[in-house]
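I have placed the structure first, in the form of structure tokens, so that the comments after it can refer back to it.
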Amino acid sequence: MQIVKYQFQQHGDHRGQLVSLEEFNDIPFEIKRVYYMYDTKDGVVRGHHAHKTLEQILVCIHGSCKILLDNGKEKKIVFLEKPYEGLYVPNTMWREMYDFSADAVLMCLASEVYHEEDYIRDYEEFLKFVQEDRSMHREGQ
Ligand code: T46
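The working numbering puts the first residue of the sequence shown at 120, with every later residue one more than the last.
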């Protein structure tokens with residue numbers, strides 16, 4: 120599994136830093152929604168789901184956290200702690216977010232508005248979905 124991390128341009132000067140994110144320039148999709156998580160309690164694991172179509176970029180704009188990515192075959196853990204670094208999470212990728220520092224703010228730029236129907240919240244269902252998706256791609260080749 121290839122981990123795709125974006126290093127955003129920092130517009131720094133003697134006053135401090137600024138990062139600007141534009142759809143299709145810095146972000147590879149149209150940004151339809153922005154949300155962020157903060158005040159995450161100690162020991163909490165968020166996520167536990169995949170999306171059927173939605174893609175996203177996660178940026179830990181303050182503090183730090185870990186992201187577990189699972190494509191149904193392989194798992195990888197990514198540490199996020201830099202406000203100028205974005206982790207690309209494609210569709211059909213199981214994710215779990217954990218080990219949030221007390222001051223962590225995890226921002227998400229999403230390619231779709233909120234649709235509960237786009238979520239796969241059951242891990243067995245996710246594995247089935249991924250297998251069907253892969254065999255469909257093989258047939259299409
Ligand atoms: C994802 C990870 C990284 C809304 O009403 N609108 C929204 O846009 C979102 C994201 C959530 N909600 C409601 C639904 C739940 O009642 O907020 C509550 C918490 O959402 P959820 O349990 O889905 O949060 P996480 O942290 O498990 O997952 C979120 C996103 O839902 C998901 O798309 O990829 O962050």
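Yeah, the Cβ is synthetic: ideal placement off N, Cα and C, and Gly gets one too.
Distance from Phe127 to Leu140 at the Cβ level is roughly 6 Å; contact confirmed, criterion being Cβ atoms closer than 8 Å. In the three-state scheme derived from DSSP, where H, G and I count as helix and E and B as strand, Gln128 is classed as coil. The straight-line gap separating the alpha-carbon atoms of Gln250 and Met156 is approximately 31 Å. Residue side-chain check: Met216 places its Cβ nearer than 7 Å to a non-hydrogen atom of the ligand T46.
Counting other Cβ atoms within 10 Å of its Cβ, His170 reaches 16 or more and is therefore classed as buried.
Non-local C-beta neighbours of Gly182 in its own chain, meaning closer than 8 Å and more than five positions away in sequence, comprise Glu200, Phe219, Ser220, Ala221, Asp222, Ala223, Val224, ordered along the chain. Collapsing the DSSP output to three states places Asp252 in a helix.
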